[in-house]
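A.B. asks: Its first residue numbered 333, the sequence shown is counted upward by one per residue in this note's numbering.
All C-beta atoms in this analysis are idealised placements derived from N, C-alpha and C, irrespective of residue type, glycine included.
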Amino acid sequence: MEGIPSSPEGAQVALRDLRAVAPDTWFAAYTGFVAEIRREVRQDMRSFDSIHRWRGWAGRVLLRNPYADIGITTDQGLAVVWIGERIDRDYRIRCEWTDVSGAAQRWLTDIAPTFDAVTARLGCTPDLPDRACEPRWLEAA
């Protein structure tokens, strides 16, 4: 799909169209959507805590647990809500000592239907093209 905002490599994604929101109320709609994401995710996936971080230049991390980040990327009125394996420094250090990544991948596979249900309640479309691939940072580890 042309024009979909980018998401982290290997992330499970869902799309919500915010283009119908008037420009003068877009920021309020966006912040309301972020609050909805945090509330709905915490309801069904209690291991996540709110966090304020960036992943790359466009991915805003909203929630984090020991294995994964949940975030949002926006571009031209479209929002992609995503869940993907963590790639932060602390996580990469943990991966050097134990096989955390294997456990994280299994956990992400198990939680995928729950993420789909949560994003559906948020009015997102979970059927984006498959973007799954191995995170490149693991190759260097």
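Alpha carbon to alpha carbon, how far is V353 from V366?
C.D. replies: If you take the alpha carbons of V353 and V366, they lie about 15 Å apart.
A.B. asks: In chain order, which continuous runs of the alpha helix (DSSP H) of length 4 or greater are located wholly inside the region 371–455?
C.D. replies: Within the region 371–455, the alpha helix (DSSP H) runs of at least 4 residues that lie entirely inside it are, in chain order, 421–429 and 432–453.
A.B. asks: Rounded to a whole number of angstroms, what is the C-alpha to C-alpha distance between L347 and R371?
C.D. replies: 18 Å
A.B. asks: Whole angstroms is fine: what's the gap from L454's alpha carbon to A361's?
C.D. replies: 13 Å
A.B. asks: With a threshold of 16 other CB atoms inside 10 Å of the CB of W429, please say whether the residue is buried or exposed.
C.D. replies: exposed
A.B. asks: To the nearest angstrom, report how far apart T451 and C427 are at their CA atoms.
C.D. replies: 29 Å
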